[in-house]
Amino acid sequence: MSEPMKIPVLSLKGGTGKTTICLGLAEALRDTGNKVGLLDVDIHASSLPRALHLEKEPGYDPILGGKLRPVNYDGYQLFSIGLLFTEETPNLWDGETKASAVKQIATTAIAWDTDLQWVIVDTPPTSGDEIQS
39 MSEPMKIPVL SLKGGTGKTT ICLGLAEALR DTGNKVGLLD VDIHASSLPR ALHLEKEPGY
99 DPILGGKLRP VNYDGYQLFS IGLLFTEETP NLWDGETKAS AVKQIATTAI AWDTDLQWVI
159 VDTPPTSGDE IQS
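Residue 123 in our numbering sits at position 85 of the sequence shown; the count goes up by one each step and never skips.
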């Protein structure tokens, strides 16, 4: 199967509705019969878990066979960087480390289903290294 098409949703400012747009796109594509992934790489303030009332389940291990494991939710797959960090374990990475992590997560690090057609990407509010990678 070919690589899924990726649609990044970008804005330089936070609070502009990127997550809402991503959810709407994912639902519209799913409702028209597409296999959809929703990827939240907002490394500064991931809001997807909060928007969907998702909590890190006890015993959830985001690593599966050396890759990050997406969650099946409402007919699509999703992975949020917010599932890796908590308020108790904040992200204190420098710009280069953030850029490298976002690039790896967005390109090769997730164990998506092989028949996925689309990946909607919720990005951080920046034009910095994370987006440019």
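Where a beta carbon is used, it is the ideal one built from N, C-alpha and C, also for glycine.
The structure displayed is predicted, hence computed values, not measured ones.
query, result
"CB-CB length for Arg-107 against Ala-147, believed under 8 Å", "Not really, about 10 Å apart at Cβ, beyond 8 Å."
"7 Å Cβ cutoff met for Val-157 and Gly-75", "yes"
"Same chain, Cβ closer than 7 Å to Leu-67, neighbours up to 5 away in sequence not counted", "Val-74 and Trp-156"
"Which residues DSSP lists as bridging Ile-148, in chain order", "Leu-106"
"Reduced DSSP secondary structure (H/G/I, E/B, other) of Pro-46", "strand"
"CB of Ile-59 within 7 Å of CB of Ser-84, strictly", "no"
"Length-filtered (4 minimum) alpha helix (DSSP H) runs lying within the segment 72 to 96", "86 to 89"
"Per-residue DSSP class, three states only, for Gln-115", "strand"
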